[in-house]
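Have a look at the structure below before the remarks.
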Amino acid sequence: MRPSPPSDQTVLVLALLTALLVAAPVVSLMLIALQPAPEVWSHLIAYVLPRAVSDTALLIAGVGTLTLLIGTATAWLVSSHDFPGRSALIWLLPLPLSVPTYLSAYVYVDLFEPLGLVHRALSLVMPAAQAVQWLPPMRSLPGAMLLLAAVLYPYVYLSARAVFQAQGTDAIEAARTLGAGRFTILRRVVLPMARPALAVGVALAALETLNDIGASEYLGVRTLTVSVFNTWLNRGSLAGAAQLSLVLLGFAALLIAIERIGRRNASVELSAESPRLRSRTRLRGLKGGLATMACLLPPLFGFVLPAAYLLGESLRRSLSIGIDPALWRDTLHTVALAALATLIALGLGLIVVLATRWREARTTRAAMAVAQLGYTLPGLVLALGLLTPVLVIDGTVANIFRSFGYPSPGLILMSTGGAVVAAYVIRFLAVPTGLLKAGFDRIPRDYDDSARAAGAGRLVTLWKIDLPLLRPALVGAAILVFVDCLKELPATLLLRPLNVETLSTSIYQYASRGSFEDGALAALIIVAASIPPVIWLTRFSDLPE
Amino acid sequence: MSRFRAAALALAAVFVPFAAGAAEQVNVYTYRETKLVQPLFDAFTKDTGIAVNVISASSGLEQRIKAEGADSPADVLLTVDIGRIDDAVAAGISQPINSPVIDEIVPAQFRDPNGQWAGISMRARVIYASKDRVKQEAITYEELADPKWKGKICIRSGQHIYNNALFAAYVAKHGEAKAEEWLRGLKANLAQKPSGGDRETARDVAAGKCDLGIGNTYYWALMLNDPDKKAWADATRVVLPTFEGGGTHVNLSGVVLAKHAPNKANAVKLIEWLAGEKAQQIYADANYEYPIRAGVPLNPIIAGYGKLKPDPLPIAKIAANRKAASTLVDKVGFDN
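Right, dumping it as C-alpha cells:
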C-alpha cells in the first residue's frame, strides 16, 4: 500500500477534531450526569417517565406516520402524474419547511381556539357558546401531531421526490410491460426502492419532533424534552436533567437505528448518469381534482394559512404602530450568525465525508457517526452542555492574555456570538454530512481513480471533479442548514452575546409577554427569508423537464 | 485593506456591543423580556449616563453566569419570580447587595435576610372569573379545591414557574399532606388538561369553557388595553383571592448582584434606581405591576382590581418549598 499523502493526514486530523467539537457538549453533559441524583430518579420513574415516554412515543409515532403518508403521497403524485395546478404545487409543497414549529403552534391556537377567527366565524351562524363545542381541541396530543406533521412533512416529501424522480425507469417500464397497474408499480417497485430515502425523511421529522419544547409545552403535551426542563428548573437538579437528557439521546439513537434498519438491504444503486425521465400519467376530471386537493391541503395548512395570518397581523401592526427599527438590526444579526454557521458546517461536513472517502477505516467512520450526533440533541440541552467547553476555551484565552501582561479580552466566544455559531454548527452538522455522503456515494470511484491515474492530486481531483458533481448536495445542505439556523431558538436564547437579539429571540419575547402577534413581522421575515432557499432547493432536486 | 480584514471588521461591527466603548456601563442578565425592561434602562441611562447592556433568556442564565466564572461580565441578574432568584443564590453566583437604600425601601418580607436578593416589583396570581356565571365576590385559594367548582376551572401547567410558586406557598402554609389533598381537589375541578398560557386561560373563561381561570394580573391588563382582545377581558372580572387568614399570592420580580460583577458600583446604583420612585412608576404603568415601595400610585386598571393585600408569608419560605410543590404536581398527575 502506498504511504498516505499529506492531504490525507490533514483531513483525517481535521475530521477527528470535528468529531471532538460535536462530542464536547455530550461529554460535558455526561460529566454533569455523573453526579448522583437518586431522589430525582425514584420520583421520575414513579410519576413522570411512564407518561412522558408514552406521550413522546405516541407523538413521534403520530408525526412519523402522518409525515410518511403526506410526504410520500404528494411526492408520488407530482413525480408521476400530471394534474391541474401541478407546476404551482411543486414549489408550494416544500414551503412549510420555512415555518418554525413554535410559530405554527401559536398561529393555530390563536385561529382555532375560543374567540379566535374560526370561533367568531362560527358565531355568525350559531350562538357563541354552542360554537365553542365545534372547535377542534388544538391544545392536545392529536392537535400537536397534526400541527407538527403539517410543517414537518416536507422532510419526507423532498427525499421521496428526489428518489422518485431519479429512480430506475427501467424497472418501472419492465413492470409496466408485465401488465402492472399504477398502484401495483407504486407498491411493488417504487416504494421498495424509495425506502431508504423515506426512512431518512421520517427520521428527520421525528428528530425535529423530539427536539421541540416550545410547541409541545404550549399544547400541553408532556414529552421527555419538557420533563428534562421541569427536572432542571423546578426540582433544581441539573444532574437529574442531564441524566434524563441522556435517556433522550438514547431515544434519538433508537430513531436513527430504525432509520439505518430501514436503509439496510436496500442496495439499489442510483445511476450516476442522468436518468431518463419517465413519462407522467395525466389525471383528468375528478381524479385530477382529487390529486390537486391532495397536494394543496398539506401546504395550505403548513404554510399558506400561517403565512397569511402573519402577513395580516404584520400589516395591521405596521400600519397602526409602525415598524420597530430594532427589527432590521435583529435581521442582520440573524443572517450573519446563520450564514457564518452554514459556511463552517459545510466545510466541516465536507472534511468528515472526505476523510471516510479517502480512508475507509474504523476511525473515520466513527468520526462521521459522531459528527452526526448533534442533530439528536435538543437545542436547550446542547446549549447547557456547550456552556462548559466554550467557557473553558474562553477562560484559557483570557489567561494566556493575562500571562503575557495584556488586559483580558473578556470571554471571546461568548461575547462575539462564537458560542451561538458553535451551537448551530454542532446541531446541524448532520445535514451537510448526510447529504454530502449521499452525494459522494453517487460519484463512482472510477472517476477519482482515472483522474489520479492521469496524475492529478487528491485536492485537484476534489476541486475539478468531485465538487462540481457535488454542487446540488452542497447547495441543498447550505440551504437546509441556513433555514434551520434562522429558526433555532433555545440555544440562541441562552448563548447569545449582550445586546444581540435575533428574529427568533425577538418573537419569543413577544410571545412570553402574551402578545405573540406583535412579533408577527419578525416571524414573517423568518418565513419569507426561508422561501427563496426552499424554492432553490426544489429546483435543484428537480430534473430538467 | 485585505478582503479578510474588511470582513472581520464588518463582523465586529455587527457583534461588538454598541455600548462596549462607553466609559460607564452595567451588564444586566434578565429573565424579564428585553422589550419590557428597555424603557426602564433607557430612563436609567438618561438619569445617570451609565449605559446598560442586556441579555434576556427564559432559563439557564444562572448556569451561564456560573460557567462564565470570574470573567463573567454579568453585574445584575433580574428575574420574574422567586424561583430563579433561589436558583441563582443556590448556584453561588450572588453577593450581598449591602445597600441601606434597598433595606429602607423594600419591605423585609420581600428581600433576603442575608441581603443576597431583593424584590423590585410584584404581580399577583389572581382569578379571572366569568362576569355572567360567577356571582361570588371573594374566593380563597383553599376554596378552589371545593367540589362546587367541578369542571369549572382553567389553569396552565402546574409546573410553570408562576403556579409552582403559588403551590409552594400552599405547601409552606398547610404542609405537604394538606397541599396534596388540595392539589387533587383542584385537579378534579379542572375543565380541561392544563396547557397554553395565562392568556389562553382568560380566553377560555371569556368563551365559556370554564368559569374561573387562574392567571396573573399583568395578562388581563394587557388584554384590556388591546382593542382586539378587550372583549375577552370585558367578559371577565379579576378577583384577588386570598389564603384563609392570609393575603394574595404575589410573584416577586427580583434582583441579584452578581458575585464577580465587574461594574459593582454601577450595579448597586441600578438596583437602587430600580427601587426608586421613577422606576417604580414605570413598572406600574408600562408593565401593570404592583410597586414594591409604598406611595407610588397604581395603574388605574390594576387599581380597579381592588386593594391588594400581599400574603405576609416570607418569600424565602416559598422558595424553600418549590421542589416539594413540583414533586406534588407530578405525584397527583396535575398536568396529565
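Which chain is which? The protein sequence lines are A and B, in order.
Per the numbering used here, the first sequence starts with residue 3, numbered consecutively.
Per the numbering used here, the second sequence starts with residue 67, numbered consecutively.
Backbone N, C-alpha and C fix where the C-beta goes; we use that ideal spot for every residue, glycine too.
Residue i burial status per 10 Å Cβ neighbour count (16 or more: buried)
i: Ile402/A; result: exposed
i: Lys214/B; result: exposed
i: Thr393/B; result: buried
i: Met188/B; result: buried
i: Ser273/A; result: In this prediction, Ser273/A has a pLDDT of 48, which is less than 50 and means its spatial position is unreliable; nothing more can be read from the coordinates.
i: Glu271/A; result: Model confidence at Glu271/A stands at a pLDDT of 48, short of 50, so the residue's coordinates are unreliable; what they give is reported in the following sentence. By the 10 Å Cβ count, Glu271/A comes out exposed.
i: Trp465/A; result: exposed
i: Glu203/B; result: exposed
i: Asp214/A; result: buried
i: Ser160/B; result: buried
i: Gln225/B; result: buried
i: Asp443/A; result: exposed
i: Tyr104/A; result: buried
i: Ala123/A; result: exposed
i: Asn353/B; result: buried
i: Leu252/B; result: buried
i: Pro534/A; result: exposed
i: Leu375/B; result: Per the sequence presented here, residue 375/B reads as Lys, with Leu not at that position. Exposed: under 16 other Cβ atoms inside 10 Å.
i: Gly203/A; result: buried
Secondary structure of residue i, DSSP reduced to three states
i: Ala140/B; result: coil
i: Met140/A; result: coil
i: Met147/A; result: helix
i: Pro376/B; result: strand
i: Leu491/A; result: coil
i: Leu545/A; result: Caution applies to Leu545/A, whose pLDDT of 47 falls short of 50 and renders its modelled position unreliable; the model cannot decide the point.
i: Ala324/B; result: strand
i: Gly115/B; result: coil
i: Gln91/B; result: strand
i: Val82/B; result: A caution first: Val82/B carries a pLDDT of 49, below 50, which makes its placement in the model unreliable, though a value can still be read off. Correct three-state label for Val82/B: coil.
i: Pro357/B; result: strand
i: Ser100/A; result: helix
i: Val362/B; result: coil
i: Gly149/B; result: helix
i: Gly87/A; result: coil
i: Ile174/A; result: helix
i: Leu95/A; result: coil
i: Gly332/B; result: Here residue 332/B is Asn; the residue named in the question, Gly, does not match the sequence. Reduced to three states, the DSSP call for Asn332/B is helix.
i: Ser276/A; result: Model confidence at Ser276/A stands at a pLDDT of 47, short of 50, so the residue's coordinates are unreliable and nothing is read from them.
Contact check, residue i vs residue j, beta carbons under 8 Å
i: Val92/B; j: Val118/B; result: yes
i: Phe305/A; j: Pro446/A; result: no
i: Ser532/A; j: Ser125/A; result: no
i: Ile62/A; j: Thr211/A; result: yes
i: Ala35/A; j: Leu221/A; result: no
i: Leu144/B; j: Val192/B; result: no
i: Arg141/A; j: Asp401/B; result: no
i: Ile151/B; j: Trp183/B; result: yes
i: Ala195/B; j: Leu288/B; result: no
i: Ile428/A; j: Val24/A; result: yes
i: Ile358/B; j: Gly185/B; result: yes
Residue i beta carbon near the ligand NAP (any heavy atom closer than 7 Å)
i: Val65/A; result: This structure simply doesn't include the ligand NAP, nor any ligand for that matter.
Minimum Cβ-Cβ distance from residue i to chain C less than 8 Å
i: Ser517/A; result: The chain labelled as chain C is not found among the protein chains of the depicted structure, namely A and B.
Do the stretch 226-239 of chain A and the stretch 379-395 of chain B touch if we need at least three Cβ pairs shorter than 8 Å?
yes
Tell me whether the stretch 341-355 of chain A and the stretch 434-451 of chain A touch, counting them as touching only if at least three CB pairs, one residue from each stretch, are closer than 8 Å.
yes
Do three or more CB pairs link the stretch 135-143 of chain A to the stretch 151-167 of chain A at distances below 8 Å?
no
Is the number of C-beta pairs between the stretch 390-410 of chain A and the stretch 36-43 of chain A that are closer than 8 Å three or more?
no
State whether the stretch 241-248 of chain B contacts the stretch 316-332 of chain B, with contact taken as three or more CB pairs (one from each stretch) at a distance under 8 Å.
no
Any contact of the stretch 375-390 of chain A with the stretch 22-35 of chain A, i.e. 3+ C-beta pairs under 8 Å?
yes
In chain order, which continuous runs of the alpha helix (DSSP H) of length 4 or greater are located wholly inside the stretch 393-431 of chain A?
414-418 and 420-430
For the stretch 241-258 of chain A against the stretch 80-98 of chain A, do three or more pairs of beta-carbon atoms, one drawn from each stretch, fall closer than 8 Å, so that the two count as touching?
no
At least three beta-carbon pairs within less than 8 Å, the stretch 250-261 of chain B to the stretch 219-236 of chain B:
yes
Complete alpha helix (DSSP H) runs within the stretch 195-245 of chain A (minimum length 4 residues, chain order)
216-220 and 226-235
Taking contact to mean at least 3 C-beta pairs separated by less than 8 Å, is the stretch 285-301 of chain A in contact with the stretch 489-507 of chain A?
no
Runs of 3 residues minimum, wholly inside the stretch 178-214 of chain B: which ones carry the beta strand (DSSP E) assignment?
183-196
In chain order, which beta strand (DSSP E) runs of at least 3 residues are fully inside the stretch 229-301 of chain B?
278-282
Three or more C-beta pairs below 8 Å linking the stretch 379-388 of chain A and the stretch 493-509 of chain A:
yes
At least 3 beta-carbon pairs within less than 8 Å: the stretch 449-461 of chain A vs the stretch 405-423 of chain A
no
Do the stretch 469-486 of chain A and the stretch 416-424 of chain A meet, that is, are 3 or more Cβ pairs less than 8 Å apart?
no
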